[in-house]
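Please read the structure below before turning to the comments.
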Amino acid sequence: MDATSRIPAETEPSGRLGLRLAAWYALVFVVTSLAIVLLTYRLLAASLEERDQQLVISTLREYSQRYADGGLGSLAEAVDIEQRSGRQERLFVRVVRGQSETLFLSAPNAFDDFDVSRLRGLGGLEQILSQSGAARLEVASARFADGTLLQVGKSTENREALLARFRYVLTIVSIVIVAVGLAGGAIVTRSTLQPIRQLIAAVRAIIRTGRINARVPVRAERDAIDELSALFNEMLDRITTLIRGMEHALDNVAHDLRTPMTRLRGVAERALQSNDAQVQREALITCIEESERIIAMLETLMDISEAETGTMRLEIGDVAVASIVGEVVELYENVAEDKQIAISTDVEAGLTVPADSRRLRQALANLVDNAIKYTPSGGRVTVSARRENSVVRFDIADTGSGISPHDLPHIWDRLYRGDQSRAERGLGLGLSLVRAIVVAHGGTVDVEAESGRGSTFIVKIPVREIHPRSA
Ligand code: ADP
């Protein structure tokens, strides 16, 4: 398979989602920002208005005092001092008697635009609009015991001008906010959707080419989408491993079948070349036997391959060890008896093991079969099982030929048969299958053997936290 390649992002697939996300982002950003701008403006306008009104009221209070204490002269003097100090904008100050007799008036030209005769002097803050409508005059008044009315007022003209300027600035700020909102929406959406686009591109590449070598880039700082991308890559890795395993298994099976198939062909060819009916008949019998061997071999090879590549389906359940050992031994009782081999069991009571009962039985049967096969008459085979820490341990011991140091490293290889074993029936696949099944259960299998002193095969299946290699 080719080296894995990184897939560039495609822009199309998530376009509509991107547009929707960008629009939402921009909307939320712009609305929130504009609300803040509006609130700021409102607060500023309100605080300017409050400041002006407090000024008018406090000045009225001060001038009332002056007027009450020293009459018009004292008032005029105070107004004059205040004006000359230049501390603040000139105020409107008027003292009227009755409805319209003005006793004192201090008003800058700007106040000409106001029709002050409309002021009614009812107390509190009064407002009148200028004739041009551009400003208002806010006036507070105090009435004295002699019937005169003191009015102090301020034009809103300056305040309005300041607020107009502020509105202008805020309009520009708002335009910038909208632009930033739209651009931000586009950028944020683009970067958020980037991994999704890459994921879509990878899936598309796989569908288009049928090759699963595409991988999605995963950023160092992982978010949920990166997690998904990483899992996706992991899934592809696992699929690749499985496919490689199956390819490998297929290669092995094809290779292992070549020899018996060639043998089969040779026998058939020889039969064809002979005219002797007896020879042909024997050849046909040999062909049938060879075919049966090939079928058995094929089945076992497929089982081994499945277990080794992790594609073997294990139906894990709690298996009663005593009963499974009993079943296996019962199966071989007659064979053992014929060969005058004593076969016995020693299983811890109530022991269970999490396993696929059919496969475990198959593995144990292979070991018992070997034990009987490689033990001469008068020997003994013992199958024992017990709990040992977190595993269930099976010992299949015999008093047979044992295994030579020369054979020992190879007995687990497929199709390997020990030097002494040629006389016995067998395919050289039994132990490979046993090991594949045990490993698929997350367990181990081992052997303790010496030439001429018997062999003990030890199978250990974990009890807790089993991680079978196949689903
Ligand atoms: P087969 O039994 O078909 O030859 P196996 O894979 O079951 O193939 O075993 C491989 C080899 O391991 C055997 O050929 C034999 O030499 C050796 N072997 C297996 N089990 C025993 C045993 N119990 N005692 C002695 N040798 C054994």
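Using this note's numbering, you'd call the opening residue of the sequence shown number 671 and step up by one each time. By construction, the Cβ of each residue, glycine as well, lies at the ideal position given by its N, Cα and C atoms.
heavy atom of the ligand ADP below 6 Å from Ile1073 C-beta: With a cut-off of 6 Å, the C-beta of Ile1073 is classified as near the ligand ADP, since at least one heavy atom of the ligand falls inside that distance.
Cross-strand partners of Pro1132 (DSSP beta bridge): Bridge pairing for Pro1132: Val1061 [DSSP].
Segments of 4+ residues assigned as alpha helix (DSSP H) that fall wholly inside the stretch 820-869: If we require 4 residues or more, the stretch 820-869 turns out to have no alpha helix (DSSP H) run fully inside it.
Contact under 7 Å by Cβ, Tyr1086 with Ile1042: It is not a contact, given that the beta carbons lie outside the stated cut-off.
Close Cβ partners of Ile1081 (< 8 Å) along its chain, the five nearest in sequence each way excluded: The answer, listed in chain order, is Ile1073, Gly1088, Leu1101 and Val1117.
The stretch 851-862 in contact with the stretch 825-840 per 3-pair CB rule at 8 Å: With a cut-off of 8 Å, the stretch 825-840 and the stretch 851-862 do not count as touching, because too few Cβ pairs lie within range.
Close Cβ partners of Ile895 (< 7 Å) along its chain, the five nearest in sequence each way excluded: Cβ contact annotation for Ile895 (same chain, cutoff 7 Å, sequence separation greater than five): Pro865 and Ile866, in chain order.
Residue from Arg1123, Gly1122 and Thr1114 whose Cα sits closest to the Cα of Lys1130: Of the candidates Arg1123, Gly1122 and Thr1114, the one whose C-alpha sits nearest the C-alpha of Lys1130 is Thr1114.
Terminal residues of the alpha helix (DSSP H) in which Ala1019 lies: Per DSSP, Ala1019 lies in no alpha helix (DSSP H) segment and is marked neither H nor E.
Residue from Ser1091, Glu1120, Asp988 and Arg983 whose Cα sits closest to the Cα of Ala1110: Considering only alpha carbons, the answer is Arg983.
Residues near Ala1106 by beta carbon distance below 6 Å, same chain, minus five either side: Only Ile974, Ala977 and Glu978 meet the Cβ criterion.
Cβ-heavy atom distance, Ile1081 to the ligand ADP, below 6 Å: Within 6 Å of the C-beta of Ile1081 there is at least one heavy atom belonging to the ligand ADP.
Minimum C-alpha distance to Asp750 - residue among Arg731, Pro778, Ser728 and Glu771: Nearest C-alpha to Asp750: Pro778.
Among Gln950, Ala947, Ile913 and Met967, nearest to Val923 - alpha-carbon criterion: Val923 has its Cα closest to that of Met967, out of Gln950, Ala947, Ile913 and Met967.
For Ala1006, the first and last residue of its enclosing beta strand (DSSP E): For Ala1006, there is no enclosing beta strand (DSSP E); the enclosing alpha helix (DSSP H) covers residues Val991 to Asp1008.
heavy atom of the ligand GTP below 6 Å from Leu1101 C-beta: Summarising the ligand content, the structure contains the ligand ADP and does not contain the ligand GTP.
Distance, Phe1127 Cα to Thr1022 Cα: Approximately 20 Å, taken between the alpha carbons.
Short CB-CB distance (under 7 Å) between Glu917 and chain B: Within the model displayed, chain B is absent; a lone protein chain is all it includes.
Reduced DSSP category for Thr1069 - H, G, I as helix; E, B as strand; rest coil: In the structure shown, the three-state DSSP call for Thr1069 is coil.
CB of Ala900 within 7 Å of CB of Val888, strictly: Yes, Cβ-Cβ distance for Ala900 and Val888 is below 7 Å.
Residue from Leu869, Tyr711, Asp893 and Ser1071 with nearest C-alpha to Arg885: Across the set Leu869, Tyr711, Asp893 and Ser1071, the C-alpha of Leu869 shows the shortest separation from the C-alpha of Arg885.
Arg806 - containing beta strand (DSSP E), residue span: From DSSP, the beta strand (DSSP E) with Arg806 extends over Arg806 to Arg813.
Host beta strand (DSSP E) of Phe762 (start-end): Boundaries of the beta strand (DSSP E) around Phe762: Phe762 to Arg767.
Nearest candidate by alpha-carbon position, reference Ser1121, set Leu1078, Leu1097 and Val1108: Measuring from the Cα of Ser1121, the nearest candidate turns out to be Leu1078.
Backbone secondary structure at Thr910 - three-state DSSP: Of the three classes helix, strand and coil, the one that applies to Thr910 here is helix, per DSSP.
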